[in-house]
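Reading through the structure tokens given below for one structure.
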Amino acid sequence: MKSAPPPSPQCALGEHERTPATRHHSSITVSQRHQHTHALSSSNYFEKAAKKENRTISQIKNGLRSITHKASSLFDDSTSSSSTSSRRPYPPSHSSSSSEHSRTSSQVTLCQSPSTTPIDGLHIHDAASPRLTAPDDSDDEHAITMYIRDLTPDPRKILRGRGSSALVRAVIRANMIDCMSCKWASGYFSYVSYGVRQKQLSTLEANSLRWLICQYIILEATRRNAVQQVLRDQLTRKLTDFRIAVQCVSGMTVVKYGRKGKPHATQLLVENADVIRWTPKLGHHLTSMLQQHKHKSISLSTVISVQSGIKSDVFRKAYKDAKGMLDPACCLSLVTPTRSLDVVTTSRQQCDWLQRSVQLMVAQAHENEKKASMHVETTIMKKLGSMTVHKHGRKGRPHKTNLNVDKYGEITWKGKSGGAILLQEVLELRLGHATAVFHRVSTQKANNPNHCLSLVTASRTLDLELHSESERDYMVIAFRYVQYARGMFDLLRL
191 MKSAPPPSPQ CALGEHERTP ATRHHSSITV SQRHQHTHAL SSSNYFEKAA KKENRTISQI
251 KNGLRSITHK ASSLFDDSTS SSSTSSRRPY PPSHSSSSSE HSRTSSQVTL CQSPSTTPID
311 GLHIHDAASP RLTAPDDSDD EHAITMYIRD LTPDPRKILR GRGSSALVRA VIRANMIDCM
371 SCKWASGYFS YVSYGVRQKQ LSTLEANSLR WLICQYIILE ATRRNAVQQV LRDQLTRKLT
431 DFRIAVQCVS GMTVVKYGRK GKPHATQLLV ENADVIRWTP KLGHHLTSML QQHKHKSISL
491 STVISVQSGI KSDVFRKAYK DAKGMLDPAC CLSLVTPTRS LDVVTTSRQQ CDWLQRSVQL
551 MVAQAHENEK KASMHVETTI MKKLGSMTVH KHGRKGRPHK TNLNVDKYGE ITWKGKSGGA
611 ILLQEVLELR LGHATAVFHR VSTQKANNPN HCLSLVTASR TLDLELHSES ERDYMVIAFR
671 YVQYARGMFD LLRL
């Protein structure tokens, strides 16, 4: 039996009996051990991150390889089924090598993007199939090439420091026009700059926010351009249809029925695309007669409805006189508030063409009239808003104020009490001292009745005094025009 070796002097010494040099040596060893452990943990972290990244890339490769393999197999199956009888068969070894190559032909590589920024992109391509080496070159059209595009990178993940700033500046410069046309872009960019100055955002965070703002600007510009393109297409189609309608109506020969006299053949003419005329009884060759008979025309903007069949009074009377010989499918009437144009075509198809063309021209005339009247109304409203008037009330003294007429026909004025009335509610425009308010004022103070105007409603009156008679007349004409225009639009809307 061998005896155990004697303990070493260091082990024999207790914790309190160690020398200072020994303690110093042990502390150095412990610190080195901690540093070594920290280095191992950091290296393990980077190794795990690299393995995770490689594993993600391999998963993407496998997924894309399976997609390309499915596409290749579909093309292989369709080609083999469609050309079994017409193509020369290949040897078994060749077919097996082809099928084996179809499984591994898809390749996925990491390549540099064409742009100057160091962005990784995915590029997928297929290797050349062995069938392409066959004498028959008809299979060239089945070669498959697949690219993944529109991968918009995030600067927080791909660049650091100055690289992200360069990327964001390039994006802003490329979309400078869209950034300038966007109303909210400047405000958001200023917020980001303010955050950087206040040191609430880092450079990378600020660049990321700027990049995100640019993406929203690009998205909004794309949607706006798409809407504008649709509107341009609609306008082009509308103009084309309108030109065809004018050509269909101009020169068409019809039989016109009037309230008096016998029906006669006439020729329809379209003037300035908003007035429809017809030739007199003496013949359409007398063009000078058109200028003399101004009443032989109808403004398309005044047409209320376009009716087909025997629905007007003129056609009902003619149908009774003709004893049922009049074809309702060939009758067409253009109805206005004061009169109607009743014509009969030679066939039902011609009547249908005429009705559609006239309806299109009438709709366009109403739209043009509305735009023109809105422009006139805007001018009138601005003029009325700039005029200073004296408003008389049931109590108190008259005071200076300005009238405001909005697009809804509401008249408002400034004052202690204020108030508003609607033009649709105005029943009458009275001149002079024709209301109880002006009767009371005229007894107290002598003012010129030629400068006074009253707007009478069912519940109250608006009594105004202007500086001159010309201003009073202009205000009367303006109120009557706006009231008439809005009444006509309400009638057309019904």
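If you're matching positions, the sequence shown starts at 191 in this note's numbering and goes up one per residue. Cβ coordinates follow ideal geometry from the N, Cα and C atoms, glycine included. Just so it is clear, the structure is predicted and the values come from calculations on it, not from any experiment.
Got a sec, what are the start and stop residues for the alpha helix (DSSP H) residue i sits in?
i, result
"residue 565", "538 to 576"
"residue 523", "Segment 521 to 525 is the beta strand (DSSP E) holding residue 523; no alpha helix (DSSP H) there."
"residue 446", "Careful: residue 446 lies outside any alpha helix (DSSP H), inside the beta strand (DSSP E) at 443 to 447."
"residue 416", "393 to 439"
In the structure shown, what three-state DSSP assignment does residue i receive?
i, result
"residue 372", "coil"
"residue 494", "coil"
"residue 500", "coil"
"residue 581", "strand"
"residue 669", "helix"
"residue 620", "strand"
"residue 638", "coil"
"residue 517", "coil"
"residue 625", "coil"
"residue 609", "coil"
"residue 353", "helix"
"residue 510", "helix"
Which residues does DSSP pair with residue i in a beta bridge?
i, result
"residue 365", "DSSP, once it has assigned bridges, lists no residue as partnering residue 365."
"residue 594", "602"
"residue 653", "582 and 644"
"residue 465", "461 and 489"
"residue 589", "581"
Assuming residue i and residue j make a contact with CB atoms under 8 Å, what is their CB distance in whole Å?
i, j, result
"residue 653", "residue 628", "6 Å"
"residue 504", "residue 599", "Their Cβ separation, rounded to whole angstroms, is 36 Å, which puts residue 504 and residue 599 out of contact at 8 Å."
"residue 382", "residue 391", "7 Å"
"residue 440", "residue 421", "So it is not a contact: roughly 28 Å between Cβ atoms."
"residue 486", "residue 470", "6 Å"
"residue 501", "residue 523", "6 Å"
"residue 582", "residue 590", "Actually they are not in contact, since the Cβ atoms of residue 582 and residue 590 sit about 12 Å apart, beyond 8 Å."
How would you label residue i, buried or exposed, when you count the other beta carbons within 10 angstroms and need 16 or more for buried?
i, result
"residue 435", "buried"
"residue 447", "buried"
"residue 242", "exposed"
"residue 492", "buried"
"residue 419", "exposed"
"residue 403", "buried"
"residue 570", "buried"
"residue 367", "exposed"
"residue 564", "exposed"
"residue 667", "exposed"
Tell me which residue opens and which closes the beta strand (DSSP E) that residue i is part of.
i, result
"residue 616", "Residue 616 -> no beta strand (DSSP E), and no H or E assigned at all."
"residue 658", "Neither: residue 658 is in no beta strand (DSSP E) and is coded neither H nor E."
"residue 645", "642 to 646"
"residue 456", "454 to 461"
"residue 138", "The first residue shown for the chain is 191 and the last is 684, placing residue 138 beyond what the model contains."
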